[in-house]
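Participant: One structure coming up, written as structure tokens, with questions to follow.
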Amino acid sequence: MNTNEKIAVEQHLLKVCGFHRASREYKLIQLLFNNDELDFISTNRDDALELRKELWFLKFECPMQWNKVILTDDAIVKYYENVMGLITESKEPQKSFYDIKRGL
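Position in the sequence shown (from 1) plus 134 gives the number in our numbering.
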């Protein structure tokens with residue numbers, strides 16, 4: 135996953151959710167993508183859990199620990215590929231079996 139994919143997913147979620155720019159939910163999504171987590175100390179626990187449910191409904195699966203909602207690369211890549219229908223850039227090119235066997 136690269137930064138462009140993360141930005142594209144964030145923009146897509148903000149557009150699909152339909153929240154107003156001044157709404158609490160809109161700012162929570164931005165906070166989630168900026169900090170890669172929503173901890174229950176800086177945000178209201180109920181608001182963070184409600185946002186997680188709404189994102190889950192949109193097929194964006196962000197995991198949760200006991201004290202925070204976490205943004206993972208896996209969730210971004212799955213959403214980017216499965217929901218948005220785009221292909222992620224691979225980090226290193228795939229080698230064929232022949233190249234691996236020859237040691238290339």
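Ideal placement from N, C-alpha and C gives every residue a C-beta, glycine not left out.
1. Could you please give the first and the last residue of the uninterrupted alpha helix (DSSP H) stretch that includes Glu171?
2. Would DSSP call Ile163 helix, strand or coil?
3. Does DSSP classify Lys187 as helix, strand or coil?
4. Pull the bridge partners of Val203 from the DSSP assignment, please.
5. By the DSSP assignment, the alpha helix (DSSP H) with Ala142 in it spans what residues?
6. Pick out whichever of Glu139, Thr137, Trp190 has its Cα sitting closest to the Cα of Cys151.
Facilitator: Judging by the given coordinates:
1. No alpha helix (DSSP H) holds Glu171; the beta strand (DSSP E) holding it covers 171-173.
2. In the structure shown, the three-state DSSP call for Ile163 is helix.
3. Reduced to three states, the DSSP call for Lys187 is helix.
4. Residue pairing of Val203 in beta bridges, as defined by DSSP: Leu172, Met198.
5. Start and end: 137-151.
6. Nearest in C-alpha terms to Cys151, of all of Glu139, Thr137, Trp190, is Trp190.
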